[in-house]
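Heads up: the structure comes next, in structure tokens.
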Ligand SMILES: Nc1ncnc2c1ncn2[C@@H]1O[C@H](COP(=O)(O)OP(=O)(O)OP(=O)(O)O)[C@@H](O)[C@H]1O
Ligand SMILES: [Mg+2]
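Numbering (the working numbering), first residue to last: 2 to 300.
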């Protein structure tokens, strides 16, 4: 089994504050499908350059963990500064699709992700050339564009032009292009038959009551620094969690975190089915308040 966690544990004997802080901290929890996706990306990264490079679309509903796994992959393939040559290599360059399908803005984002300055006002052909040169200098082997569904914010004509931009880029740079977005993005890519031919699709479906879900819950349970043995990967807990979260990864994590914090505060020290279903459990407004920061990949 490949489930598990990359999170550093806090001892169960730690103070309430330290344990709550840990529970609320940003950490990566591994689960099979996310690991499969990261493995697919790793496999693509070793692909030798050829005329027609394979591309991958990672798609799933909002909050399913697409950005999270891209970040994980970036941490595994970080940029490196070579003191001897003074050159920074970036095996993977990831950036976020601008809010609309605008070629200028798109190349500007790529340029920025490559460490270049903001060139919004300059001639677009020049930015494209700069990007090409920077990609070459950084020995980049993969481009990742997150939030690709933002292209749907444009008119049908603008979307079509943008799909051409993507196709041109995939042909031009001869490296795998990875896009991440919602299912609507997948449908949009399918509109361009040449792109559809190139792109494999990897889905992050909503969680259902099955073995994989049980393993995810077990993995999360292992990371919780509660003082009593917490086994919430039972059938009744699984049902209670799915009923409250609609099977969305982000909501599942938030629900369990909230329950665990509550369990520390009230001294019960265990996440139970009753707690998970309790109406008094105040869930954060995750879907309305969470908005990933633009340019987050540059850091
Ligand atoms: N593997 C994971 N380990 C820990 N937390 C995770 C994991 N996957 C998802 N999450 C939690 O879910 C939240 C949402 O994940 P993420 O931002 O990657 O979703 P997304 O699919 O990119 O959504 P959107 O389409 O809205 O951008 C994360 O901020 C994190 O709290
Ligand atoms: Mg995202």
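All residues carry an ideal CB built from backbone N, CA and C; glycine is no exception.
Taking the C-alpha atoms as reference points, what is the distance between residue i and residue j?
{"i": "residue 227", "j": "residue 29", "result": "19 Å"}
{"i": "residue 53", "j": "residue 200", "result": "11 Å"}
{"i": "residue 236", "j": "residue 259", "result": "20 Å"}
{"i": "residue 109", "j": "residue 217", "result": "38 Å"}
{"i": "residue 116", "j": "residue 126", "result": "18 Å"}
{"i": "residue 272", "j": "residue 232", "result": "8 Å"}
{"i": "residue 241", "j": "residue 265", "result": "20 Å"}
{"i": "residue 276", "j": "residue 212", "result": "23 Å"}
{"i": "residue 155", "j": "residue 162", "result": "10 Å"}
{"i": "residue 152", "j": "residue 165", "result": "12 Å"}
{"i": "residue 91", "j": "residue 118", "result": "17 Å"}
{"i": "residue 82", "j": "residue 139", "result": "10 Å"}
{"i": "residue 269", "j": "residue 107", "result": "51 Å"}
{"i": "residue 135", "j": "residue 141", "result": "9 Å"}
{"i": "residue 191", "j": "residue 85", "result": "45 Å"}
{"i": "residue 72", "j": "residue 37", "result": "15 Å"}
{"i": "residue 263", "j": "residue 11", "result": "17 Å"}
{"i": "residue 50", "j": "residue 99", "result": "27 Å"}
{"i": "residue 42", "j": "residue 87", "result": "28 Å"}
{"i": "residue 281", "j": "residue 63", "result": "26 Å"}
{"i": "residue 170", "j": "residue 89", "result": "22 Å"}
{"i": "residue 1", "j": "residue 202", "result": "Residue 1 is absent from the structure shown; the chain starts at 2 and stops at 300."}
{"i": "residue 133", "j": "residue 176", "result": "12 Å"}
Applying the criterion that 16 or more other CB atoms from any shown protein chain within 10 Å of the CB defines a buried residue, is residue i buried or exposed?
{"i": "residue 65", "result": "buried"}
{"i": "residue 94", "result": "buried"}
{"i": "residue 185", "result": "exposed"}
{"i": "residue 32", "result": "buried"}
{"i": "residue 297", "result": "Unreliable positioning characterises residue 297 in this predicted model, as indicated by a pLDDT of 49, which lies under 50. The coordinate reading is nonetheless provided below. By the 10 Å Cβ count, residue 297 comes out exposed."}
{"i": "residue 261", "result": "buried"}
{"i": "residue 61", "result": "buried"}
{"i": "residue 26", "result": "exposed"}
{"i": "residue 148", "result": "buried"}
{"i": "residue 182", "result": "buried"}
{"i": "residue 220", "result": "buried"}
{"i": "residue 279", "result": "exposed"}
{"i": "residue 7", "result": "Note that residue 7 scores a pLDDT of 46, beneath 50, so its modelled location is shaky; the value from the coordinates is reported in the next line. Its Cβ having fewer than 16 others within 10 Å, residue 7 is exposed."}
{"i": "residue 104", "result": "buried"}
{"i": "residue 229", "result": "exposed"}
{"i": "residue 246", "result": "buried"}
{"i": "residue 20", "result": "buried"}
Following a CB-centred definition, is residue i positioned closer than 7 Å to any heavy atom of ligand 2?
{"i": "residue 68", "result": "yes"}
{"i": "residue 148", "result": "yes"}
Heavy atom of ligand 1 less than 7 Å from the Cβ of residue i, yes or no?
{"i": "residue 208", "result": "no"}
{"i": "residue 219", "result": "no"}
{"i": "residue 35", "result": "yes"}
{"i": "residue 254", "result": "yes"}
{"i": "residue 64", "result": "yes"}
{"i": "residue 28", "result": "yes"}
{"i": "residue 61", "result": "yes"}
{"i": "residue 247", "result": "no"}
{"i": "residue 250", "result": "yes"}
{"i": "residue 224", "result": "no"}
{"i": "residue 259", "result": "no"}
{"i": "residue 183", "result": "yes"}
Does the Cβ-Cβ distance between residue i and residue j come in under 8 Å?
{"i": "residue 174", "j": "residue 144", "result": "yes"}
{"i": "residue 146", "j": "residue 56", "result": "no"}
{"i": "residue 205", "j": "residue 24", "result": "no"}
{"i": "residue 168", "j": "residue 188", "result": "no"}
{"i": "residue 193", "j": "residue 243", "result": "no"}
{"i": "residue 239", "j": "residue 215", "result": "yes"}
{"i": "residue 255", "j": "residue 284", "result": "yes"}
{"i": "residue 39", "j": "residue 96", "result": "no"}
{"i": "residue 112", "j": "residue 128", "result": "yes"}
{"i": "residue 159", "j": "residue 102", "result": "yes"}
{"i": "residue 253", "j": "residue 208", "result": "yes"}
{"i": "residue 70", "j": "residue 15", "result": "no"}
{"i": "residue 78", "j": "residue 46", "result": "yes"}
Check the Cβ-Cβ distances between residue i and every residue of chain C, and say whether any is below 8 Å.
{"i": "residue 34", "result": "Here there is only one protein chain, and chain C is not present."}
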